[in-house]
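What follows is a set of notes on a single structure, which appears directly below.
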Amino acid sequence: MAQIALATGFVLILAGIYGALTNRDILRMIVAFTIADTGVNVVLVAVGFLPGRTAPILDAAVPVAQAAERIIDPVPQALVLTAIVIGLGITALMLAYAYRLFRLRGSLDISNFTELKW
Amino acid sequence: MIRNVLIAGLVALLGVAFWTLAAGYVPDAELNRTAAYYAANAQTDVGAPNIVTGIIVTWRGLDTLGEVTVLFLTSAIIALVLAQSKTPPGASGAGFLPSGELLTTGSRMLLPLITLLGAYVIMNGHLTPGGGFQGGAILASGVLLMLLADPSHRFAHSVIARVESISGLAYVLVGLAGMALAGGFLDNGILPLGRFGAMLSAGAIPLISVLIGLKVGAEFSSILESLEETEDA
Amino acid sequence: MVSPVLILAIGLGTAFSLGLMKPARTRVLFGITLTALGVMSAIALGWTLALATGAAQTAEIHTAGVAPPFAINLRVGLPEAALLSLITLTGLLAALSMRAALLRLGRGSQAVLLVLVMAVSGLVMTRDLFNLFVFIELIAIATAGLVLLSQDERAIGAGFKYLVVSQIISILLLVGIIFTYHATGSLNIDDITVAPVAFRGASLAMFLLLIALIVELKPFPANGWALDIYTSAHPGFSALFSAATGSAALFVVDKVVAPAGTEWLPLLTGIGLLSFVASNIVALRQENDRRLLGYSSVGQLGLILAVIGQRDVLGDAYLYVAGGLILSHAVAKAGLFWMSSMVRGRKLEDWAALRTRAPMVLAFATFVAMLVGLPPFPGFYAKWDLAQALVAAGRLPVLTLILLGVLIESAYLFRWFGYAIKREAAENGLASNPVDCGITFATVAGGWALGYLWGNGPEQFNLLATLPAITAVVFILLEPLDARIKNGLAIAALLGWFAMVAGDYDPMRLIFAAVMIPGGAVILLASFTEKGRRLGFYPSAMAMYAGLALLLEATTFFEFFAAWEVMTLGSYFLILRGRMSEPHALSYILFSLGGAFAILTGFALASGGVQPHPIDGLQDVAAADLAPWVFVLLAAGFLTKTAAMGLHIWLPGAHAEAETDVSPMVSGILLKAGLFGLFLMLMQLGRQSLYGVDLTVVLAYIGAISAFLGAVLAVFQEDAKRLLAYSSISQMGYALFGVALMNHLGWLLAMMFVINHYVYKSMLFLAVGGVYKRTHTKLMYQMGGLITLMPFSFVSVLVGIIAMSGVPPLSGFGGRWIFYNAIMDADLRLPLILIFMAGPVGFLYLFRLIHTIFLGQLKDPHRKLKEAPVWILVPQMIFVAFLIAFAVLPGMALQKVDGYIGSIFGDQPLVWHGRAITSEFGYWNPVAIMAVIVMVFVAVFAILIAKNHDAQMVKQFNIVFSAERPYRPETTHFAWNFFAPYRKAMGFLETPVVTSFWGGVTGGINGAGEFTRRFYSGNGQTYAAHVLLFVVAVYLIAMGGIA
Amino acid sequence: MTFEWIQIPYALLTLFIILNYGLLMTAVVRKLAARVGGRPGIPVYQNYIDLVKNFALRSKISHGVMYYLGPVFRLTGGIGLILFVPTIYGSSWAQNFAFAGDLVLALYFVFFGTLGMALGAGESGHPHSAIGVSRGLSQVTMAELPLALAVYAIAVQYQTLSITEIVAAQQGGLFNWTLFTNPLAVVAAMFAFVGTMMRSPFDVVLAPQEIPIGPPTEYHSAYLALMQTNRAIFPIAKTIIYMNLFFGGATSWAEFAIKAFLLYMIPAVIGVVHPRFRVEQSIRFFLKWGLPVGVLAILTV
Amino acid sequence: MKDVDDKFLKNIETEFPLREELRPRRVTTPDGQEIEIEPLKDYFCEAAPKVHPKAYIPIVEDFYNWARANSLWILGFGTGCGAIEMRPLMTPRFDAYRYGIQWRPTPRQANLLMISGYLSVKTLKRAIRAYEQMQGPKYVVGLGSCTINGGMYWDSYNTIKRLDQYLPVDLYIAGCMPRPEALLAGFMELKKLIKAGKGEGANKYAENFATYKANQKSVIKDWDMPDYNW
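In the order they appear, the protein sequences are chains A, B, C, D and E.
Residue 102 in full-length UniProt numbering sits at position 102 of the first sequence, and the numbers go up by one each step.
Residue 88 in full-length UniProt numbering sits at position 88 of the second sequence, and the numbers go up by one each step.
Residue 2 in full-length UniProt numbering sits at position 2 of the third sequence, and the numbers go up by one each step.
Residue 184 in full-length UniProt numbering sits at position 184 of the fourth sequence, and the numbers go up by one each step.
Residue 149 in full-length UniProt numbering sits at position 149 of the fifth sequence, and the numbers go up by one each step.
This is the structure we're talking about:
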């Protein structure tokens, strides 16, 4: 189960990276990166998974005393939230950049923005 | 094409690394010591049934403050990025097709519900799945709906900015208060932990959740708005 | 003491609260921002001070009221506090530097800046892996935002490229973090260190973590994105990006590598070295100033990464070394970026505009010296300790690569400095204003303060606390005074120092001291000619003299090396002052640094890491296996200074193009430093052989070849000062040969050369310089017939060449006499041939010098020339008097030295009775020689006067010209290519083998740079692919090594 | 050896003898050459007449101080060389001022006159002088090299730099001469001897028609007279050195006269049968032949 | 036949302007100042020749004259066909060396100027310069008829007829051309003159310098040198 989730996550990451590196369109690159981000998030969550356990919320189903035996690892869950938000922030930022770049050159092809080199 | 093949090769090599990771992965049978500590001390330390929220808001509160800052930064920077392209107020939106009746009416109906849901998610973050981020995002989706429904509508920038600033500042102050009154920066113990599982419990978590929610909502709104206000959006 | 977490809180709180202000009140907003940064700096500085003085203990800050590893915790120890100070101060100054852009873009940009500073500070303090990630992302986003402050539209593209790469980094980082967490069950760095590794993917997780952090450090070649940012971003921000972010990222790597374990260190070393060397090579071909700084930045980060890779051997010195390098880099780089905001043009040549403001040149020089790691800056001390540790640990290849990188770096930095000093300064090329100047000088002051602090380190020799160095610094402050006043002070300072120390020296040291210190004062007399303020001359000259003074005072390896570097640096600035000296000064400093690095390595080898190591301790290694290698390295260094053939190509240009009073200093005095070093070395190490070859024999051969080829090359020069410069090579060859003979008389010969060469070469350079002052040319064939117009100069050249060619009765003959006696003992036969050849060849060029300048036909434009300025003549006449006195009474200087050398070799081949000297083989009575020659001369002269007293004085054109009339002086003066037949017969010796060799080396390196920089195609996607390639490549290498 | 006042008249006497010997001998050599050519040749006293005539010239010019001093340097160089070298071995009075310095002094003092002459010639402003100097200096650098090597070789051989001691070591029979004890060194030295005697094939320095006698082309009257005096003295002085170093020295004036004459005849004989080398040719010649012999000499000592 | 063509004398200044390189000019010094250069004044000595008295004691002068007579150093000036007759003097058959006669390559060291053959106007200038550059006492011997009266070139527009109008000739050796024997006889004659103290041509030249110069300049139109060539 965890392996499958992990594998899925990794495949998403790889696919995202491949997409980001082969698509010259900036918007496509951004989309590819969101895919990769998603993959990362999947990996994060998958690592926190313990077989046969439940969400880390101490309610009626999970009494405090048995919490340690009943819940999955809450830390990756917390981390993934942060990761998602950060990914979101960066994606938004990239989009804004993409917009500015488009305004600048009338193009979204990343190979058109190579004035700075060597 | 060659380039793509090369990159595919690189990605494949990276995949090998990942494969090593995945293949060697054995799920833990037991909670590791950190998680175990959280599970054991959620009630006594933070008083929040939702351990994840407890981690987010308290134990790893600094991360969360950082997250909020990420959004703050993003919104500020997007405003900066798009600043030069911004059209004068009032002139924008002229080029849009008017949004449909369905959308206008639907948004009018949904908006209060969305707001309510957002508020709920925020307030119950320490009890049930949810929290400031989730709620804030929901609130912002309401704003998005409004923007979609009426592209030429202008929000009061200063209001959003104030909410953004005040909630952020308040968050920092709460953190500092933790240093002054309790165990350290961002300690939620500045307020009484209250009864475990109650609405107003878990110390400052609900307060921080609210601040986060407001902050996140405001930031998202601000981002959306900035994006929307570009001249040909 | 307030909690350091307030730095974060203030930064963040202020950033948030800026939104509450009215956006229109820009100045108030900016004021608030500055205040916040100021308070943050104050807190950081307060902690640094408290921790450094021991008033406070390392602060462990727990958040959420829970002890780690369960909640995020922060730590502020001395390194953290120092970095925090660096970061916040850089932030403050950067804010000032970017004030225009920040005011224009309003509160949002200021908030971003605050957040950036806050995040970088947080990165330094936090001990939590995931928190690291958060701060890194904050930095990434804030960076992407601040890049926009630039007016340069290309910055947007650069920002996007940066974001793309950040995405990849964050992916790797997150995967790494989560698996590390999985493996260790903790996110706390300190906790991970103690926890066992749980499964076999853990090292891979650690790899991903580390590699992501390393990519943050912009390693070569995965750094195109960073370079684009450096090129296009606002320089104020670039400073922050390089100094603060870069340093913090390094610190993070350092933090993380502790739990990762020492097996990762070689990887860091490798990446760091590759990055350092390659970036510097690429930078060689760079013409945009900011991009150059960018390459330099990534190079420096690589260097420090490599140093982090050495933490296992550095031990206690680790912080001192890494800190010294980081701070040097940060301060200098930030300063340079801030200066670049004042320079209008973006070409390196445009920095010539700095020249219009002298303090700016000082700033530039300070920063360049800091970057290269020259004294008195922290990088210098760090480099020394690093070398010691590396050699002690047997990591010579690492040291070699580091030094190679530094050398290449200094190549482009000093080339750039040369541009600034020598190139055409554009009209209005400098947008200087009080604020930017203030920022720059605050940075400069910081640099010097750090230099002092580092010098004050434990068991350290503080260069800035020595009297000579202080004097040199004082002369910087005296710059506004008139040159004549400064000159008087300088002479007084030199003489005063000599009076202070002379009593403590043994005779040999005393001779060197006399040549270097009062000798320098005599040459300085010539400087009274210069009017105005002569900016830059006195600090440079006094730095050189300070170096020389300290060299003589040095008792430990480090003191010696420090003095050596100070001397080199001072003389470089001096040489650079010459009119056409830019390329020559560059090759001078490069060769000197190369030589200095050889010395550094040699010392490190000899000391085996024990510090401080007395110079006398060198003899303890004389019997060790590594002694020959120490010998080779030290000799290489010293030979570079004496410009032995092969390492000489810097000398002719440097000496020839220097100013009139500088040439004698660098030729007459500075070259002796190399001899001094050789003496010290041979005294301690004695004969050494490597693979069965006696190294002193090799030295003797080098000396002989230098003596001969130097002379031959001098014969073919048309430029008078170049001729003298080649002659110096030849003369130093003689001295080297003498030293290498390793017998009493050989050394005495060398000492004789020390004195003689100083006197006659200084005299000749001054004379030629005086002529140059009047004729404005150094090309001999353009002069001629100046004898009647410049009789005093002529006399000094005449006496100089008689002395130099060894013709009795002047003092050069003494040298030859000792030489013959010395070689009688030696087994070296073959190199003698070259030495024998060199003598008459020397006569050739000397005659040419005097003939083509002073004799022959006077040229029209020179008909009304005046004698050289009197202050140039005064030292010459002193030298003439000395030469004659020394010729008659050589014992006054040599007898004591002879005794002293005798005490070293345990023999006494010379017997001094009365005025005569007797050796085992021959005898020499200088007084008698002088008397006989003078008597005969006077008698013959009397006869001639009796007969020819009524000779008709005729003009230069009254010559027999095959019954024709000479046409014009130019065509009647046989001067150009004077020794044409000699060239026909021996011209093959002139083939520039050495020059082509070094030309090939530099050409090769430059070509590599040109080729390599094509990697940086400018395409963000390619850059991302580079990152991926880098990661995969390192992965393959590392997994091979670690798994 | 120390100085006593009596040495001054002794030295002057030696000088006088050598001067006359030189003047006569050069004339005799010229006369011999003329006789070989079937001419009566100059009178043997012709050199004296020329000397007197040149001293007796009424008008003279001067190009400047160095021009004026050039011949003084030149003659001082010649006389000094005589005075620094012991002439007759074992003689109580023909030792001159040899106590002032040893072989090294003699070797380097040779350049004194050369330098002065070159400077004087230089100031005459005549390009031919400069060309002559250029040629002369170029040639002498290589010509002197075998001598330097040979001198080193015999100094090592005899373990002394004192000329007197070197001569002493050669006493007691023909086969004690360096010529036989160290023939390589002598051959090398003779290259230098021939090369520096300003005779064909090494006289392109003077080249009377091309660059009218080279360096001294502007000299006349008493200047020339001084230089003529030197030309009488200097070759003898040089011959004395060679004689002392390689050919057993002279124990009496007669031996001196014979040996000096024979030595002097060597370049003269070589000169009459050889055409002139160009400078670069003679440099190559010495490199090719003189230098290897010299190297062999110092390697085999 | 007059050597001087009056027509030419009139416009010497315009017809034969001073050579470019001898004209006064302004030169910039290295310091940037302009200075005036007058080549004739700056390059050459302007002094006139002096009359040198004989030695104070007559017997010394006689001794000197004897030495001078027995040490005749020739500057051969091969201006015409007569020069060919000089060569045999070096051969075994005639061998002038035995009389103390030598050839010197430079006027500075010679004291006997042999004008061997006719002089054209152009060579006269060189002959004058060579003569003036010799140091006194110095002697001039005219060789062959051409130097006496122009000989076979008596009516040439371009040949000097009487050498002693331009230089103080001590002795003419007549003949066209004179044989080497005649030359030797001439030398013997010259020796006698010198020994008798009559070889004072240099002083004569100095005393009558103005006359000689006027004569010389009247035929040599392009006088591009100082009046006396030291």
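Just so it is clear, CB atoms sit at the ideal spot from N, CA and C, and this is done for glycine as well.
Predicted model, so just to flag it, every value in this text is computed and none were measured.
Beta bridge counterpart(s) of residue 62 (chain D) as assigned by DSSP: As a first step, residue 62 (chain D) must be located in the fourth sequence, where it is residue number 62. Under DSSP, residue 62 (chain D) shares a beta bridge with C:953.
Cutoff 8 Å: residue 778 (chain C) Cβ touching any chain E Cβ: Within the third sequence, numbered from 1, the residue matching residue 778 (chain C) stands at position 778. So no, residue 778 (chain C) is outside the interface.
Within 8 Å, strictly: CB atoms of residue 679 (chain C) and residue 796 (chain C): Here the question's residue 679 (chain C) lines up with position 679 in the third sequence. Here the question's residue 796 (chain C) lines up with position 796 in the third sequence. Going by beta carbons, residue 679 (chain C) and residue 796 (chain C) fall outside the 8 Å limit.
Residue from C:379, C:470, C:339 and C:487 whose Cα sits closest to the Cα of residue 434 (chain C): In the third sequence, the residue the question calls residue 434 (chain C) occupies position 434. The candidate whose alpha carbon is nearest that of residue 434 (chain C) is C:339.
For residue 206 (chain C), three-class secondary structure by DSSP: To locate residue 206 (chain C), count along the third sequence from 1; it is residue 206. Three-state result, residue 206 (chain C): helix.
Close Cβ partners of residue 71 (chain C) (< 8 Å) along its chain, the five nearest in sequence each way excluded: As a first step, residue 71 (chain C) must be located in the third sequence, where it is residue number 71. Excluding sequence neighbours, residue 71 (chain C) sits near 62, 63, 64 and 65.
Cutoff 7 Å; reference residue 387 (chain C); Cβ partners in own chain excluding five residues on either side: For this step, residue 387 (chain C) is matched to residue 387 along the third sequence. Cβ within range, chain order: 399, 600, 601 and 604.
Chain D contacts made by the region 876-903 of chain C, where a contact means CB separation under 7 Å: Going along the region 876-903 of chain C in chain order, one finds no residue with a Cβ nearer than 7 Å to chain D.
Residues bridged to residue 303 (chain D) [DSSP beta-bridge criterion]: Coverage of chain D is limited to positions 1 through 301, which leaves residue 303 (chain D) absent and any answer about it impossible.
Identity of the residue in D:117, D:266, D:136 and D:161 nearest residue 279 (chain D) by Cα: Stepping through the fourth sequence from its first residue, residue 279 (chain D) is reached at position 279. The candidate whose alpha carbon is nearest that of residue 279 (chain D) is D:136.
Short Cβ contact (8 Å threshold) for residue 852 (chain C) with residue 978 (chain C): Position 852 of the third sequence, counted from the first residue, corresponds to residue 852 (chain C). Position 978 of the third sequence, counted from the first residue, corresponds to residue 978 (chain C). Yes, Cβ-Cβ distance for residue 852 (chain C) and residue 978 (chain C) is below 8 Å.
Residue 16 (chain B) versus residue 80 (chain A): straight-line alpha-carbon distance, rounded: As a first step, residue 16 (chain B) is located in the second sequence; it is residue number 16 there, counting from the start. As a first step, residue 80 (chain A) is located in the first sequence; it is residue number 80 there, counting from the start. One C-alpha to the other measures close to 24 Å.
Residue 819 (chain C) beta carbon near the ligand GDP (any heavy atom closer than 7 Å): Absence of the ligand GDP from the depicted structure is noted, as is the absence of any ligand whatsoever, leaving it without description.
Exposure of residue 100 (chain B), with buried meaning 16 or more beta-carbon neighbours within 10 Å: As a working note, residue 100 (chain B) is residue 100 in the second sequence. The residue in question, residue 100 (chain B), is exposed, as its Cβ has fewer than 16 Cβ neighbours within 10 Å.
Cβ of residue 217 (chain D) within 8 Å of any chain C Cβ: Here residue 217 (chain D) refers to the residue found at position 217 when the fourth sequence is read from its first residue. Taking Cβ atoms only, chain C reaches closer than 8 Å to residue 217 (chain D), which makes this a yes.
Anticipated Cβ contact below 8 Å, residue 123 (chain D) with residue 525 (chain C), distance rounded: Counting from 1 along the fourth sequence, the entry for residue 123 (chain D) is found at position 123. Counting from 1 along the third sequence, the entry for residue 525 (chain C) is found at position 525. Here residue 123 (chain D) is actually not in contact with residue 525 (chain C); their C-beta atoms are around 29 Å apart, not less than 8 Å.
With 16 other Cβ atoms within 10 Å as the buried cut-off, status of residue 665 (chain C): Against the third sequence, residue 665 (chain C) aligns to sequence position 665. Result: buried.
7 Å Cβ shell around residue 425 (chain C) - same chain, five flanking residues per side excluded: As a first step, residue 425 (chain C) must be located in the third sequence, where it is residue number 425. The residues are 352, 353, 355 and 356.
Helix, strand or coil at residue 259 (chain D) according to DSSP, with G and I counted as helix: In the fourth sequence, the residue the question calls residue 259 (chain D) occupies position 259. Three-state result, residue 259 (chain D): helix.
Proximal residues to residue 212 (chain E) (C-beta, below 7 Å), its chain only, five neighbours per side dropped: Position 212 of the fifth sequence, counted from the start, is the residue given in the question as residue 212 (chain E). Cβ neighbours of residue 212 (chain E) beyond the five flanking positions: 166 and 205.
Beta-carbon proximity list for residue 56 (chain A), same chain, < 7 Å, skipping 5 on both sides: As a working note, residue 56 (chain A) is residue 56 in the first sequence. Within the same chain, Cβ atoms closer than 7 Å to the Cβ of residue 56 (chain A) are found at 71, 72, 74 and 77, the five residues on either side in sequence being excluded.
For residue 362 (chain C): DSSP bridge partner residues: Start at 1 with the first residue of the third sequence, and residue 362 (chain C) comes out as number 362. Bridge partners of residue 362 (chain C): none, in fact.
Within chain B, partners of residue 586 (chain C) - CB distance below 7 Å: Within the third sequence, the letter at position 586 stands for residue 586 (chain C). Ordered by position in chain B, no residue passes the 7 Å Cβ test against residue 586 (chain C), which lies about 40 Å from the chain.
Local conformation of residue 152 (chain E) per DSSP, three classes: The residue given as residue 152 (chain E) occupies position 152 in the fifth sequence. In this structure, residue 152 (chain E) counts as helix in the three-state DSSP scheme.
Residues from the region 961-977 of chain C in contact with chain E, defined by Cβ distance under 8 Å: Taking 8 Å as the upper bound on Cβ-Cβ separation, chain E lies near residues 963, 964, 965, 966, 967, 968 and 969 of the region 961-977 of chain C.
Per-residue DSSP class, three states only, for residue 919 (chain C): Within the third sequence, the letter at position 919 stands for residue 919 (chain C). Three-state DSSP puts residue 919 (chain C) in coil, outside helix and strand.
Paired residues, beta bridge with residue 911 (chain C) - DSSP: Within the third sequence, residue 911 (chain C) is the residue found at index 911, counting from 1. Bridge pairing for residue 911 (chain C): C:918 [DSSP].
Minimum C-alpha distance to residue 1048 (chain C) - residue among C:659, C:636, C:688 and C:562: Absent from the structure is residue 1048 (chain C), since the part of chain C shown begins at 1 and ends at 1043.
For residue 182 (chain D), three-class secondary structure by DSSP: As a position in the fourth sequence, residue 182 (chain D) is number 182, starting the count at 1. Coil, per DSSP.
Distance between residue 250 (chain D) and residue 256 (chain D) (C-alpha atoms, nearest Å): As a first step, residue 256 (chain D) is located in the fourth sequence; it is residue number 256 there, counting from the start. As a first step, residue 250 (chain D) is located in the fourth sequence; it is residue number 250 there, counting from the start. Answer to the nearest angstrom: the Cα atoms are 5 Å apart.
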